[in-house]
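Novice: This is the structure I have questions about; it appears just below.
In this note's numbering, the protein residues as written are 157 to 318.
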C-alpha cells in the first residue's frame, strides 16, 4: 500500500485488551483495528497516534514466524530488546503527567537533549519501554559533536577490507 509506512512496530502482551485500554488512557493512542479470534483471544490490533501506527498483539508461538516466541517483557523478567519512539508536537510535560497518572513508571523524567529535543521514557504495565520526544530546535551535527565529544555520521564508514 502506498500510504502505509515503511516500518510498523509490534508489541506483544499477555493481556492485549488491557494494554489497548491502558495505552489509550495513558498515551492518548487510538485503537483503529481489533481482530478477535473465535476463542475471544485478540489476534491482531492496531493503534494510531499522529498518523503513525503500532500493532498490539497477544503473545504467541507460531509457525508464521518459524516457531519464534513473541512474548511480553513479563516473560523475560522485565528485559526488553527495543523501545518504541513516539514524536509529540508539543505538551510533552503534560503528556508525561498523564502517563504517570495512568500508572506508567517514568524511567526518565522530561529533559532537554543535546540534539534539540525534549524527551521522557515510560514503562507500561507489562514492561514495554516507550520513548517520547518533542522537537525544540534544529541543532547542527557540528554543534552536537562540539557539545558532547561524540562523532556523528549520516552513513556507515567505509568497510576495512585489510
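Using N, Cα and C, we set each Cβ at its ideal position, and we do this for glycine too.
Assuming residue 198 contacts residue 189 under a Cβ cut-off of 8 Å, what Cβ separation, rounded to an integer in Å, is found between them?
Specialist: Position 42 of the chain shown holds residue 198. Position 33 of the chain shown holds residue 189. The C-beta distance from residue 198 to residue 189 rounds to 10 Å, too long to fall under 8 Å, and the pair is not in contact.
Novice: Give the secondary structure of residue 229 by DSSP, where H, G and I count as helix, E and B as strand, and everything else as coil.
Specialist: Residue 229 sits at position 73 when you count from the first residue of the chain shown. The three-state secondary structure of residue 229, taken from DSSP, is helix.
Novice: Using DSSP's beta-bridge definition, name the partner residues of residue 205.
Specialist: Stepping through the chain shown from its first residue, residue 205 is reached at position 49. Its beta-bridge partners are 208.
Novice: For the beta strand (DSSP E) containing residue 189, name the first residue and the last one.
Specialist: As a first step, residue 189 is located in the chain shown; it is residue number 33 there, counting from the start. 186 to 192 is the span of the beta strand (DSSP E), which, as asked, contains residue 189.
Novice: Less than 8 Å between the CB of residue 181 and some heavy atom of the ligand PLP, yes or no?
Specialist: By its list of ligands, the structure shown contains no ligand whatsoever, and the ligand PLP lies outside what it can speak to.
Novice: So is residue 202 buried or exposed if we call it buried at 16+ other beta carbons inside 10 Å?
Specialist: Reading the chain shown from its first residue, position 46 is the one you call residue 202. Around the beta carbon of residue 202, 16 or more other beta carbons lie within 10 angstroms, which makes this residue buried.
Novice: Span of the alpha helix (DSSP H) holding residue 177?
Specialist: The residue labelled residue 177 in the question sits at position 21 within the chain shown. That run of the alpha helix (DSSP H) goes 172 to 183.
Novice: Spatial neighbours of residue 360 within its chain, please: C-beta separation below 7 Å, excluding the five flanking residues on both sides.
Specialist: It is not possible to answer for residue 360, since the shown part of the chain is limited to 157 through 318.
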